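See below for the structure under consideration.
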Amino acid sequence: MRMAYVSPGELDGRAIEGIIEHARIWPGRIVVVSPRKQRSSGEYDTIRTDDVSATLRSERFDVVGALMRPEYAYVADIAPTVYTAEVDRRIRTDLMVSRATSRFDRARIALGQVRIDRTYRSMARRAAGLHCNGQQAWDSYGRLNSRSLQVVDHRIFASDLAAARRREVWSGDRPLRVAFSGRLVREKGADTVAEVARRLPQIEFVMLGSGELRDQLMASAPANLSLLGFKPFSEWKQYVRDTVDVALLPHPQGDPSCTYFEMLGSGVPVVGLRNTMWGPLADEGLGWAEHGVDALVKRLAQLRPADVRLARERGLTHVEPFEDMVATRVAHLVEIARDSSLPRDRA
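Numbering (the numbering used here), first residue to last: 278 to 624.
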């Protein structure tokens, strides 16, 4: 049984780890099809092609996986296709509007996204199956396809959860250690973290990641805020698990950031803004969702060891190990590949 994964560009380390975990239990071979050359791996095959459509037709895959983007709408006409939906219309609009410079641009973006969403919804209906990454994608598109699966994309294994449970929890005998992780851009709330740190000199803050605000943040960071740059994920997991008490992730928009779950799976509860992604998760007791800088400052200042301990335990229980999630996805893909009624020689 052969599965293709259509990649728009070169796979990064995170994506490669995901492909390898899928390939480990896939009953056959997984082939990455892309216009970009991919790093070779014994666990999966690669095909670089300038014509993805022609390659998919000639290779006759049993099932194809692709991101649910308009440029891949044609794939479902060629082979049984399972799209992965990641964001809904509201999130796409919010992300684009955040950089708009005028009321006209904001209105144009909003109207354009209404039109584009018709394509997304059509793709969801026509696909052989659908994987919805996060609650928002599930709520918007999951009901449009009878073979939908809700998933959460992260890279926390069962061994990571076990390691996190062995760590001692903050007892209040030292300053609270708070970490932000992600791109240092306004869309992720990096500037908000700096403002919160200035107002809470009794708390230690670190920022993990890089981005366009790095120089600005380094020049203006208060004494209790350290910028540690980018860490490879294996180092990131160990650092966060062993060092961080609470995460501050003030994302203005509700994009399905894996960082929420990777913090929770490292035994680190989250304080964030009440966006469409984090708000419902915080309401389950996995952390705290607030409105604005003042509320974030107040929440962090008032946290007690018992609060952190309870949210930490709930987070570790909530996160499904990555290998279990992949096994569920692979079983779903295999079922679709076997049962799909799409003709293989469709032209």
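Note that the Cβ used here is the ideal one computed from N, Cα and C, for glycine as well. None of the values given here were measured: they were computed from a predicted structure.
- Just measuring C-alpha positions, the residue of V603, Y537 and D571 sitting nearest L593 is Y537.
- Annotation note: the segment 406-452 contains the following uninterrupted beta strand (DSSP E) runs of length 3 or greater, listed N- to C-terminal: 406-410 and 425-428.
- Annotated three-state conformation of W303 is coil, per DSSP.
- Around P478, the same chain offers N501 as residues with beta carbons nearer than 6 Å, after the five sequence neighbours per side are excluded.
- Apart from the 5 residues on each side of it in sequence, V308 sits with its Cβ closer than 8 Å to the Cβ of R279, M280, A281, Y282, Y321, D322, T323, I324, E336 and F338 in its chain, given in chain order.
- Cβ atoms of R395 and A353 stay farther apart than 8 Å, at about 15 Å.
- Annotated three-state conformation of R279 is strand, per DSSP.
- Beta-bridge pairing by DSSP links I324 to V310.
- Exposed is the label assigned to H568, since fewer than 16 other Cβ atoms lie within 10 Å of its Cβ.
- Sequence-distant Cβ neighbours of W415 in its own chain, meaning closer than 7 Å and more than five residues away, are C409 and Q427.
- According to DSSP, residue pairing for W565 in a beta bridge involves V548.
- As computed with DSSP, F482 is found in a beta bridge with V455 and L502.
- By the Cβ test, the segment 488-504 is not in contact with the segment 517-527, since fewer than three Cβ pairs between them sit closer than 8 Å.
- When Cβ pairs closer than 8 Å are counted between the two stretches, the segment 424-441 is seen to touch the segment 525-544, the count reaching three or more.
- Note on E363: 16 or more other CB atoms within 10 angstroms of its CB, so buried under the neighbour-count rule.
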